[in-house]
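One line per chain: the protein sequences are A and B, in this order.
Sequential numbering from 46 applies to the first sequence in our numbering.
Sequential numbering from 30 applies to the second sequence in our numbering.
Virtual Cβ for every residue (Gly too), placed ideally from N, Cα, C.
What you are looking at is a predicted structure, and each value in this text was computed from that prediction instead of being measured.
To start, the structure itself, in structure tokens.
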Amino acid sequence: SQTIHQWPATLVQPVGSPLSLECTVEGTSNPNLYWYRQAAGRGLQLLFYSVGIGQISSEVPQNLSASRPQDRQFILSSKKLLLSDSGFYLCAWSGGHRGTDTQYFGPGTRLTVL
Amino acid sequence: GEDVEQSLFLSVREGDSSVINCTYTDSSSTYLYWYKQEPGAGLQLLTYIFSNMDMKQDQRLTVLLNKKDKHLSLRIADTQTGDSAIYFCVPKAGGYQKVTFGIGTKLQVIP
């Protein structure tokens, strides 16, 4: 079966500090990977998606970046965090060997920037 | 892109039925998903329906689709306190996997 992991679960960082959130998928190969942000009282905003290693598409301009160094690893980064980066970050995967469009989500990372 | 409208809040008593409604704009939607998000957790795929179906039942869950009116509903029978969560209606066209998530409907179950 497929599982998706995210860490850390919670993070409190000062403004201006760097960020690295990690997401890994097990049990499938060549998945499509996604990073979403959910701000308080708002829907999910798609930040990045990737259809393969080294292939990253950005949906919104921001001070965040994403990388996919391995087939089942997706990393969200920032060099300098802003207060507005606070939120709940969700990683998701779809496709892979199932070949379906359904997205499956990880447990999320709660980021608070102070 | 897809626009989705859902009520923000719904409050029901334990044991009653809950009905969460959703309207969408993209008539080419092929899959229509319902996701559940419990507090502080990721999104859990609850159920989905193909656009060529009118109804799908899965234990306590019933999904109704009115494709002509672009209206989707999720009925939860015998609602339990564990059903308290935010529910997202997610229509999606075939092909590329980008989808739009709205704010969702927050269901509160009163014991």
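Just to confirm the assignment, what range does the beta strand (DSSP E) spanning residue i have?
i: B:Asp87; result: Met84 to Asp87
i: A:Ala54; result: Looking at the DSSP string, A:Ala54 is not in any beta strand (DSSP E), and its letter there is neither H nor E.
i: A:Leu158; result: Here residue 158 of chain A is Val; the residue named in the question, Leu, does not match the sequence. A:Val158 -> beta strand (DSSP E) spans Thr154 to Val158.
i: B:Thr134; result: Thr134 to Ile139
i: A:Ser139; result: Gly132 to Gly140
i: B:Thr52; result: Ser47 to Tyr53
i: B:Asn95; result: Leu90 to Asn95
i: A:Leu91; result: Leu89 to Gly97
i: A:Leu127; result: Looking at the DSSP string, A:Leu127 is not in any beta strand (DSSP E), and its letter there is neither H nor E.
i: B:Val41; result: Phe38 to Arg42
i: A:Asn75; result: Segment: none, A:Asn75 is in no beta strand (DSSP E) and carries neither H nor E.
i: B:Gln35; result: Val33 to Gln35
i: B:Ser57; result: Segment: none, B:Ser57 is in no beta strand (DSSP E) and carries neither H nor E.
i: B:Ser102; result: His100 to Ile105
Could you name the residues that DSSP lists as bridge partners for residue i?
i: A:Ser65; result: A:Ser122
i: B:Ser113; result: In DSSP, B:Ser113 forms no bridge with anything.
i: A:Ala111; result: A:Leu121
i: A:Gln58; result: A:Val158
i: B:Leu72; result: B:Gln66
i: A:Pro106; result: Looking at the DSSP assignment, A:Pro106 forms no beta bridge with any residue, so it has no partner.
i: A:Gln100; result: A:Gly97
i: A:Val70; result: A:Ile49
Count the other CB atoms, across all protein chains shown, that sit within 10 Å of the CB of residue i; report buried if there are 16 or more and exposed otherwise.
i: B:Val48; result: exposed
i: A:Trp52; result: exposed
i: B:Thr108; result: buried
i: A:Leu127; result: exposed
i: B:Leu37; result: exposed
i: B:Gly30; result: Unreliable positioning characterises B:Gly30 in this predicted model, as indicated by a pLDDT of 48, which lies under 50. The coordinate reading is nonetheless provided below. B:Gly30 is exposed by the Cβ-count criterion.
i: B:Val119; result: buried
i: A:Leu64; result: buried
i: A:Pro76; result: buried
i: B:Gln137; result: exposed
i: B:Ile139; result: exposed
So, does the CB of residue i fall closer than 8 Å to a CB anywhere in chain A?
i: B:Val128; result: yes
i: B:Ala70; result: yes
i: B:Lys121; result: yes
i: B:Gly133; result: yes
Can you list the residues of chain E that residue i reaches, using a CB-CB cut of under 8 Å?
i: B:Tyr60; result: Although the question refers to chain E, the structure presented lacks it and instead comprises the protein chains A and B.
Would residue i pass as an interface residue toward chain B - the criterion being a Cβ-Cβ separation below 8 Å?
i: A:Arg87; result: yes
i: A:Gly61; result: no
i: A:Gly151; result: yes
Closer than 9 Å, Cβ to Cβ, to anything on chain B: give me those residues from the region 106–137 of chain A, in chain order. Phe133, Leu135, Cys136 and Ala137
Could you please tell me which residues of the region 71–83 of chain B, in chain order, have their CB closer than 8 Å to any CB of chain A? Gly71, Leu72, Gln73, Leu74 and Tyr77
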